[in-house]
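Participant:
Dropping the structure here:
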């Protein structure tokens, strides 16, 4: 069972560059989430989606964009990367919005230099 | 008041000890709550769900106090393998607390 798969696992990005973090899930979950976790800190919700074609902002959406063209995929786009975006990014999915367990990908460690 | 607040920790306890963490929440409409465990440099994984007054699973007990708006996680007979960060989360939009780090020492 693949569950939630994130790519890449690690990446170094230069200031001002852009990139897309990929996330795909094979559990047919409607709900998907992107979080960032800074060292020694908790998870901060960036964006979430309640289904294909629907996305909404979380706590810290500035500097990021998302799309949800299919149920399976929920890519996170970083435009004009800044050092403050150095973090570990986790994608997650769940069957229901907060009423059931969320399954997480293994994370993407991103460094902006 | 933050939506979800946890004991800052860290908690350093000897093996066999009983330890409890609290998580307070501000939204009284919250219906379901979760405790996740996160090992160092790993993704969070569900430990327990709390839908009513509480839930027990072996050495772990989660309790909900709606009047005071907090949930707690009690770990009895701590093991070295319990060392991790414990995160609480609410149902509304899956927002997490900052986590409480537990280290169990021999």
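Residue numbers (our numbering), protein chains in the order written: chain Y, 72 to 184; chain W, 96 to 201.
Idealized CB from N, CA, C, for every residue including glycine.
Between which two residues does the beta strand (DSSP E) containing residue 99 (chain W) stretch?
Facilitator: Element bounds for residue 99 (chain W): 99–101.
Participant: Could you give the first and the last residue of the continuous beta strand (DSSP E) run that contains residue 151 (chain W)?
Facilitator: Element bounds for residue 151 (chain W): 149–152.
Participant: Along the beta strand (DSSP E) that carries residue 109 (chain W), what are the first and last residues, could you check?
Facilitator: Residues 106–109.
Participant: Starting from the beta carbon of residue 138 (chain W), find every residue of chain Y whose beta carbon is closer than 7 Å, and list them in chain order.
Facilitator: Chain Y residues near residue 138 (chain W): 161, 175, 176, 177, 178.
Participant: Among W:162, W:151, W:180, which has the Cα closest to the Cα of residue 171 (chain W)?
Facilitator: Nearest of W:162, W:151, W:180 to residue 171 (chain W), Cα basis: W:151.
Participant: Closest to residue 131 (chain Y) by C-alpha separation, out of Y:151, Y:107, Y:121, Y:166, would be which residue?
Facilitator: It is Y:107.
Participant: Check residue 176 (chain W) in the structure and name its three-state DSSP category.
Facilitator: Residue 176 (chain W) falls in the helix class under three-state DSSP.
Participant: Taking only three categories from DSSP, how would you classify residue 188 (chain Y)?
Facilitator: A query on residue 188 (chain Y) cannot be resolved here, the shown segment of chain Y reaching from 72 to 184 and no further.
Participant: Cβ of residue 117 (chain W) within 7 Å of any heavy atom in the ligand FMN?
Facilitator: Questions concerning the ligand FMN fall outside what the structure shown contains, since it holds no ligand whatsoever.
Participant: Report the neighbours of residue 143 (chain W) on chain Y: residues whose CB is nearer than 7 Å to its CB, in chain order.
Facilitator: Near residue 143 (chain W) there are no residues of chain Y at all, since even the closest Cβ is about 10 Å away, more than 7 Å.
Participant: Could you tell me if residue 139 (chain W) is buried or exposed, where buried requires 16 or more neighbouring beta carbons within 10 angstroms of its beta carbon?
Facilitator: So residue 139 (chain W) ends up on the buried side.
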